[in-house]
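These notes are about the structure you will find just below.
What follows is the structure, given as structure tokens:
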């Protein structure tokens, strides 16, 4: 799995992992946890290809949304909910590694601020416009090949911007928050699309 765009990947996981209501989409949370673990393993494999290590230096992979060692075999609790220490997914960023290490280059304070900013921007969108765009995006994605998904996402983001009041914010931030909002809406309806939409979203950010 491609693990490029480490910061964007973390933003994606954190944004989608935050519940909007008191109810939780357990299927989506499980998909997010599985994705984060796969990203952990890919990062570790990439590091092992670049240098020989007998251990991880006492550190845990920065992508681990569960706040646990992906190799420990730790699974979901028996009640079907994610473990209580899902630090990244609940937005309580308590990194298990030094994110300033050369291979990570992720500032946890800046990352937390970015998540808060994305949520604040998303809250400003007209709900009815977002729902309509989410409906349209979900339909287009279901009826097209994955190589067209980025184009569909781009089109819906631009449509919402066109039908929304102006934002006195950097356009890049607005587009990023909107893309995450639409993708989250689709994934909440169809969690199995998460992995493919993860790649599509990173391509869109790139």
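In my numbering, the protein residues as written are 790 to 995. The beta-carbon is built from N, C-alpha and C at its ideal position, and this holds for glycine as well. Predicted model, so just to flag it, every value in this text is computed and none were measured.
How is the alpha helix (DSSP H) around residue i delimited, first residue to last?
i	result
residue 916	916–931
residue 934	Run containing residue 934: none; DSSP gives neither H nor E here.
residue 913	Careful: residue 913 lies outside any alpha helix (DSSP H) and carries neither H nor E.
residue 979	Neither: residue 979 is in no alpha helix (DSSP H) and is coded neither H nor E.
residue 801	795–806
Identify, in the order they occur along the chain, each residue of the same chain with its Cβ nearer than 6 Å to the Cβ of residue i, setting aside the five sequence neighbours on each side.
i	result
residue 952	918
residue 870	The predicted position of residue 870 is uncertain, since its pLDDT is 31 and thus under 50; no value can be drawn from it.
residue 939	989, 992 and 993
residue 966	907, 910 and 911
residue 956	963
Ordered along the chain, which non-local residues of its own chain (more than five positions away) have a Cβ less than 7 Å from that of residue i?
i	result
residue 929	941
residue 914	949, 953, 967 and 970
residue 860	Below a pLDDT of 50, predicted positions are generally treated as unreliable, and residue 860, at 40, falls in that range; no measurement from the model is reported.
Buried or exposed for residue i, going by 16 or more other Cβ atoms inside 10 Å?
i	result
residue 975	buried
residue 911	buried
residue 954	exposed
residue 947	exposed
residue 902	exposed
residue 821	buried
residue 802	buried
With residue i and residue j assumed to form a contact (beta carbons below 8 Å), what rounded beta-carbon distance in angstroms separates them?
i	j	result
residue 907	residue 804	6 Å
residue 824	residue 983	6 Å
For residue i, collect the residues of the same chain with a Cβ closer than 8 Å to its Cβ; drop the 5 residues on either side in sequence, then sort them by chain order.
i	result
residue 962	906, 907 and 910
residue 977	814 and 817
residue 927	974, 975, 978 and 979
Self-check item: Three or more C-beta pairs below 8 Å linking the segment 907–924 and the segment 962–982
Solution: yes
Practice problem: Would you check if there are 3 or more beta carbon pairs closer than 8 Å linking the segment 811–829 to the segment 979–990? | Solution: yes
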